[in-house]
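The structure appears below as structure tokens.
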Amino acid sequence: MDASTSSKRRVEAPGEGESSVKNQNVTMGMDALDCPVCFHPLRPPIYQCSVGHFICSSCRPKLMHNNCHLCSAETTFKRCLGMERLMESVMVPCSNAKYGCAEKLTYYQKEGHEKACPNAPCFCPELNCGFAGPTAALLDHFTSMHKRPPTTIRYSRKLEFHVQPGLHVLCTKDKQILLLNVVVEPFGHVISVVCVQPDGVRPKAANSKFKCQMSYHCSMTAERTAQFSIVLDLPQHTPG
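Here my numbering is used: position 17 in the sequence shown is 22, and no number is missing along the way.
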């Protein structure tokens, strides 16, 4: 070792009280961090065969006769602590960062987080409108762009209101968005209530579904326009 190399190493070594953690932005194929059997992100505990091929803990018991899934060698799978440490250190942003999510997650936690991310976008149902954003932004969008100010409703409180045919925006205090649509048909009317939720977001309860009870009465105004008196009841266990 020459003098210049020794000097360089002394400069790069962390000083007293300094952290030895190194952060570096890198580009890599993320499929290298996935289990080659189930294709889900590897997460501790991670196992490897005698050659060094990785497999997740869920897939390891499924292999026949302990043969490696890649090289087919009969082997005894052992924990790979080095790969586990790597997976714990790979931090990625949420895919909803552009919609306001600031979460930084380990790579294998990303999918689970995004299934319940509160910043996941809702898409505007208006024809030829490409808006996408969190529920609060969508409510503002309905008001400013489509001139449809939302009507606030409460869980387990019956709400009676008068509407004319067309689309009406309803919302709860926890920002659940409901679209009430009244359509005139040749032989009557069609009334529907749809709960707008972010695409792909899993409800908080496994058996939780949007439910409501609705009744209506139709009357004619002096201008011969149909007007509906609608009673809407939203149970408290509705997701949100």
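For glycine and all other residues, C-beta sits at the position ideal for the given N, C-alpha and C.
Remember, predicted model here, so these are calculated numbers, not experimental data.
The beta strand (DSSP E) enclosing Ser100, as first and last residue numbers:
What you label residue 100 is simply residue 95 of the sequence shown in a count that begins at 1. No beta strand (DSSP E) contains Ser100, which DSSP labels as neither H nor E.
Go ahead and label Pro126 buried or exposed: buried means 16 or more other beta carbons lie within 10 angstroms of its beta carbon, across all protein chains shown.
Residue mapping note: residue 126 aligns to position 121 of the sequence shown, counting from 1. It counts as buried.
If we call anything under 9 Å between Cβ atoms a contact, is Lys115 one with Cys99?
Sequence index remark: in the sequence shown, residue 115 carries index 110 (1-based). Sequence index remark: in the sequence shown, residue 99 carries index 94 (1-based). Yes; because the gap between Cβ atoms is below 9 Å, this pair is in contact.
Between which two residues does the beta strand (DSSP E) holding His45 run?
Position 40 of the sequence shown holds residue 45. Per DSSP, His45 belongs to no beta strand (DSSP E) and is neither H nor E.
Is the region 151-158 close to the region 166-183, with three or more CB pairs under 8 Å?
yes
Terminal residues of the continuous beta strand (DSSP E) containing Glu165?
Indexing the sequence shown from 1 puts residue 165 at position 160. Residues 164-168.
For Gly34, the first and last residue of its enclosing alpha helix (DSSP H)
The residue given as residue 34 occupies position 29 in the sequence shown. Premise fails: Gly34 is in no alpha helix (DSSP H) and is neither H nor E.
Selected residue, minimal CA-CA separation from Leu110, among Val97, Glu119, Ala121
Numbered from 1 along the sequence shown, position 105 holds the residue referred to as residue 110. Minimum Cα distance to Leu110 is reached at Val97.
Compute the Euclidean distance between the alpha carbons of Glu75 and Gly57, then round it to the nearest angstrom.
Against the sequence shown, residue 75 aligns to sequence position 70. Against the sequence shown, residue 57 aligns to sequence position 52. In the sequence under discussion, the amino acid at residue 75 is Leu, which differs from the Glu named in the question. Each residue's Cα considered, the two are about 10 Å apart.
Comparing alpha-carbon positions, which option in Leu164, Pro139, Cys129, Arg162 lies nearest Phe147?
By one-based count along the sequence shown, residue 147 stands at place 142. Ranking the options by Cα distance to Phe147, first place goes to Cys129.
Curious, which full-length beta strand (DSSP E) runs of at least 3 residues does the region 120-178 contain?
List check, beta strand (DSSP E) in window: 164-168, 171-176.
Determine the closest residue to Leu185 out of Arg65, Ser220, Arg162, with distance taken between C-alpha atoms.
Walking along the sequence shown from the start, residue 185 turns up at place 180. Checking every option, the nearest Cα to that of Leu185 belongs to Ser220.
State the Cα-Cα distance for the pair Ser62 and Arg48, rounded to the nearest angstrom.
Start at 1 with the first residue of the sequence shown, and residue 62 comes out as number 57. Start at 1 with the first residue of the sequence shown, and residue 48 comes out as number 43. Straight across, the Cα-Cα distance linking Ser62 with Arg48 is about 8 Å.
If you drop the 5 nearest sequence neighbours on each side, which residues of the same chain put their C-beta closer than 8 Å to that of Gly138?
Position 133 of the sequence shown, counted from the first residue, corresponds to residue 138. If we look at Gly138 and ignore the five residues flanking it on each side, its Cβ neighbours are Tyr104, Pro126, Cys127, His146.
For the alpha helix (DSSP H) that Ser94 lies in, which residues bound it at each end?
Working through the sequence shown from its first residue, we reach residue 94 at position 89. 86-94 is the extent of the alpha helix (DSSP H) around Ser94.
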